[in-house]
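First the structure, in the form of structure tokens, and then the observations on it.
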Amino acid sequence: MVREVNRQFIEKVEHFQVIGQASNGLDGVMQIRQHQPDLVFMDIFMPEQDGITSLRKIRELDLPVDVITVTAANDMDTVKQVLHLGVFDYIMKPFSFERVKGTLENYLRFKKQTQTERELTQGELDQLFHYRDGQSQLEPSALLQTEKNLPKGFNRTTLEKVVHFLQSVDGASAEEVASGIGIARVTARRYLDYLEKQEEITMDVHYGGIGRPINYYFSK
């Protein structure tokens, strides 16, 4: 069931196709050697061979594949180990489609940047490592706006705070943004609506058991 949900999420994003699935780490490494994919989604908790061991094996074999971990593990020791092993991103369970979509779009931009054979400038290297760190590239469009180009009553400093807060979390409601950066909820909603209309962030409706649905906003 979980693997099928992951497959559906991935294949909903343009340019991505799932070419193999594995139920354990041993089979996963074998399929990587067989299919030679560009990217692998890997859980940490797997039977027979866990994700950390599988990642080490992938690096030992020098397999040319990028890895995104999708896991419930949130302890710092695990995080440090997977970062040391060079994963592209770390997605916590449970996760939304928008979170998967965001990291895959970042990965596409990352791959495009790495296909050039010419020498890179420092600015291009900075951008490349921002993609690698999973950071959204909102600055060129949203945050480089001058004050006079923003809607009436908008403040560039507040806009920066909203953008950077969304970059630091896996989705947030207007109320959570407001609480996180110390502004009124109605103000947070105005900035979030503006960023969504500018296609700088995405919005997904979350339905709870009781009460009205809540809009959650995600950085791209």
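First residue of the sequence shown: 2, per my numbering; consecutive thereafter. Beta carbons are placed, not taken as given, at the ideal position from N, Cα and C, and that holds for glycine. It should be emphasised that the depicted structure is a prediction, and the values quoted were computed from it without experimental measurement.
Three-state secondary structure assigned by DSSP to residue i
i, result
"Ala185", "coil"
"Ile215", "strand"
"Ser220", "strand"
"Glu12", "helix"
"Glu49", "coil"
"Ile20", "coil"
"Leu64", "coil"
"Asp194", "helix"
The beta strand (DSSP E) enclosing residue i, as first and last residue numbers
i, result
"Asp44", "Element bounds for Asp44: n/a, residue is neither H nor E."
Buried or exposed (CB count within 10 angstroms, at least 16 for buried), residue i
i, result
"Gly26", "buried"
"Ala74", "buried"
"Ser220", "buried"
"Glu99", "buried"
"Ser137", "Residue confidence for Ser137 is low, a pLDDT of 44 falling below 50, so the modelled location carries little weight; the figure read from the coordinates is stated next. Buried, since its Cβ has 16 or more Cβ neighbours within 10 Å."
"Ser1", "Because the chain here runs from 2 to 221, residue 1 falls outside it and cannot be looked at."
"Glu201", "buried"
"Val206", "exposed"
"Lys94", "exposed"
"Ala175", "buried"
"Lys198", "exposed"
"Leu62", "exposed"
"Ala185", "exposed"
"Ser169", "exposed"
"Val164", "buried"
"Thr115", "exposed"
"Asn150", "exposed"
"Thr203", "buried"
Residue i vs residue j beta-carbon contact at 9 Å
i, j, result
"Gly21", "Gln50", "no"
"Phe96", "Asp194", "no"
"Asp90", "Thr104", "yes"
"Val80", "Leu40", "no"
"Ile11", "Met43", "no"
"Leu167", "Tyr218", "yes"
"Leu86", "Ile53", "yes"
"Ile182", "Lys153", "no"
"Glu33", "Leu84", "For the record, residue 33 in the displayed sequence is Ile; it is not Glu. Against a cut-off of 9 Å, the Cβ pair of Leu84 and Ile33 comes out as no contact."
Span of the alpha helix (DSSP H), counted from its first residue to its last, around residue i
i, result
"Val206", "Premise fails: Val206 lies in the beta strand (DSSP E), 202 to 207, not in any alpha helix (DSSP H)."
"Leu56", "52 to 61"
"Gln35", "26 to 36"
Distance cut-off 8 Å: residue i Cβ against heavy atoms of the ligand ZN
i, result
"Leu109", "This structure simply doesn't include the ligand ZN, nor any ligand for that matter."
Cβ of residue i within 9 Å of any chain D Cβ
i, result
"Lys198", "The structure shown has no chain D; it contains just one protein chain."
Entirely within the segment 67 to 125 and at least 3 residues each: give me those beta strand (DSSP E) ranges in chain order. You should have 67 to 72, 90 to 93.
Where are the alpha helix (DSSP H) runs, 4 residues long or more, that stay fully inside the segment 152 to 184, in chain order? Within the segment 152 to 184, the complete alpha helix (DSSP H) runs of at least 4 residues fall at 157 to 169, 175 to 182.
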